[in-house]
Structure formats: C-alpha cells, structure tokens
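The structure under discussion appears below in the form of structure tokens.
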Amino acid sequence: MPPARTTPRKPRAPRETPDARRTRAAQVLKRLRREFPAAATALHHGDPFQLLIATILSAQCTDERVNMVTPGLFAAYPTPRHFAEAQPAGLEAMIRSTGFFRMKAKNILGCSRALVERHGGTVPRTIEELTQLPGVGRKTANVVLGQAFGVPSGVVVDTHVHRLAQRLALSAGKTPEKIEQDLMEVFPRSAWIDVGSILILHGRTTCRARKPLCAGCPVRDLCPSADPPLPGAR
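In my numbering, each number is its position in the sequence shown, counted from 1, plus 1.
Written out as structure tokens, the structure reads:
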C-alpha cells in the first residue's frame with residue numbers, strides 16, 4: 002500500500018534573538034523619533050498634581066475630552082486640599098463627560114486626601130509611593146514621573162502601546178504589566194519615557210487599530226505585521 006501523501010511543512014522563520022530584537026527596537030525608535038521629535042503627553046497641565054488628576058480622568062476617555070474638562074475643574078479645585086474637601090456630587094457633575102465619573106471621583110477624592118495626609122499635598126517622586134495612592138496604577142504613575150519629573154520609572158502602556166508592541170513583535174504579552182516588562186528589556190532605561198509617548202502618537206496617526214496606514218509607515222520594513230509584508234521584513 003503506497004504511503005499517504007503529506008503536505009510539506011513550510012519552514013519556520015528563524016526565531017529572533019534578544020539582541021536582534023533590541024537592535025530592531027532601536028531602529029524603530031530612531032525613525033519614530035524623527036516623526037515625533039517633541040513627543041509628550043497631550044494632557045494639559047500646569048503642575049504634577051494637575052497631571053496626576055488629568056491622567057486619572059483619561060482612563061477610558063480621550064485626552065481631548067479631558068482637556069475640555071480640566072480648565073474649569075482646576076479653577077474650582079486649585080489644590081489637593083480643595084479636592085480633598087470637595088463634595089462627591091459636585092465633583093461628579095464636573096467630570097461626568099469623561100465617563101465612569103463616580104469611580105473617577107472616588108479615586109480623585111481618595112488620592113487627594115492621601116496626598117494631603119501622607120505627603121503634605123505634594124506629589125511624591127517614586128513609583129512605590131505613587132502606586133500606593135488610591136486610583137493610581139503603574140500607567141498613571143509612569144506618566145506623572147516621566148512627564149512631570151523626568152524620571153524613567155517604566156514604560157507607559159495604554160491601548161496604543163499594547164497594540165504596537167504586539168504588531169512590532171516587541172512583546173507577546175497579554176497584560177499591560179507583561180508588555181511593560183518586555184519593552185523595558187528591549188529599550189534602554191534612558192528611552193523609557195520617550196517610548197510610551199512616541200508609540201502612542203504613532204498609534205493615533207498611522208498604526209491605527211482599524212486600517213493601519215502601512216503604506217506610509219516609516220518602520221514598515223521593520224514590522225512583521227506590515228500589510229502587505231515587505232521582502233526582508235523581520
């Protein structure tokens with residue numbers, strides 16, 4: 002009886018080594034820095050505390066919407082103590098348009114009270130102290146430390162960074178924590194602040210969630226997910 006015919010297996014592409022991934026990541030960052038030379042948070046703020054509150058409000062909300070709300074909000078509550086003494090109903094009414102306003106108001110009140118009670122109303126400069134504040138996770142803490150203090154505590158991972166890290170094959174992680182860990186390994190510490198800001202802007206303008214603009218992407222030849230893939234793409 003003749004042997005069963007089998008379909009030849011397509012040879013697998015060689016697995017990228019950690020050093021090769023770091024080299025490719027450096028090339029990606031170099032090109033995107035040329036595209037976004039002044040990358041920074043789009044949240045309007047006048048001091049670290051305002052950035053902290055704006056970042057809490059930005060969860061599940063656009064920066065544009067937050068920027069529409071914060072001028073009036075900061076005029077009504079100019080300091081952490083004013084926020085700490087605010088009535089929940091009044092605060093909720095002012096931030097309603099940012100979504101999830103009850104939870105955000107609860108977090109802002111708790112965070113402000115903790116700042117006043119534990120830190121004299123001053124925003125701390127360490128990831129450990131910031132993440133102990135109500136409503137403050139690593140993403141928010143990384144934004145504040147990086148953008149307000151220039152401290153590279155980690156890489157900001159939002160939905161854009163999550164998507165781009167996977168499309169660029171810089172991380173196969175499923176959680177923000179794992180993706181951040183992977184990005185911190187492929188980029189040097191000195192680049193951590195820029196990486197988050199630059200990938201966010203690239204995700205908003207070119208590498209969109211739906212219909213990414215691969216044809217005009219400056220890192221297309223470095224991206225395994227480019228459509229259609231280019232010869233030599235990793």
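We treat Cβ as the ideally placed atom computed from N, Cα and C, and that holds for glycine.
From residue i to residue j, what does the alpha carbon distance come to, in whole angstroms?
i, j, result
"T80", "G122", "8 angstroms"
"V152", "I199", "17 angstroms"
"K31", "T176", "26 angstroms"
"T63", "H203", "16 angstroms"
"L146", "D228", "36 angstroms"
"Q148", "L134", "18 angstroms"
"T24", "V67", "37 angstroms"
"A40", "R34", "8 angstroms"
"S191", "Q61", "29 angstroms"
"T132", "I96", "22 angstroms"
"N108", "G138", "11 angstroms"
"H83", "P125", "18 angstroms"
"L165", "K212", "13 angstroms"
"A77", "R119", "23 angstroms"
"M185", "I201", "16 angstroms"
"E36", "K179", "27 angstroms"
"V29", "D183", "15 angstroms"
"C112", "R16", "45 angstroms"
"Q51", "L74", "10 angstroms"
Does residue i pass the burial test, meaning 16 or more other C-beta atoms within 10 Å, or should it be called exposed?
i, result
"T127", "exposed"
"G136", "buried"
"R22", "buried"
"S98", "exposed"
"H46", "buried"
"P72", "exposed"
"E65", "exposed"
"G217", "exposed"
"D195", "buried"
"E181", "buried"
List the endpoints of the continuous alpha helix (DSSP H) containing residue i.
i, result
"T18", "Element bounds for T18: n/a, residue is neither H nor E."
"R164", "T160 to R168"
"C218", "Neither: C218 is in no alpha helix (DSSP H) and is coded neither H nor E."
"E65", "D64 to A77"
"K175", "Element bounds for K175: n/a, residue is neither H nor E."
"E93", "P89 to I96"
"C112", "F102 to H120"
"P49", "P49 to L58"
"K251", "Outside the shown range of the chain, which is 2 to 235, sits residue 251, and nothing can be said about it."
"D195", "W193 to T206"
"E86", "Premise fails: E86 is in no alpha helix (DSSP H) and is neither H nor E."
"L131", "I128 to L131"
Please report the Cβ distance between residue i and residue j, rounded to the nearest whole angstrom; I am assuming they are in contact, meaning their Cβ atoms lie under 8 angstroms.
i, j, result
"T56", "V144", "5 angstroms"
"K105", "L58", "6 angstroms"
"F150", "P49", "7 angstroms"
"R205", "H161", "6 angstroms"
"L110", "A87", "6 angstroms"
Counting only beta-carbon atoms, is residue i nearer than 9 angstroms to chain D?
i, result
"R34", "Absence of chain D from the displayed structure is noted, only one protein chain being present."
Problem set entry | Touch test, the region 215 to 229 against the region 164 to 171, Cβ-Cβ under 8 angstroms, three pairs minimum | yes
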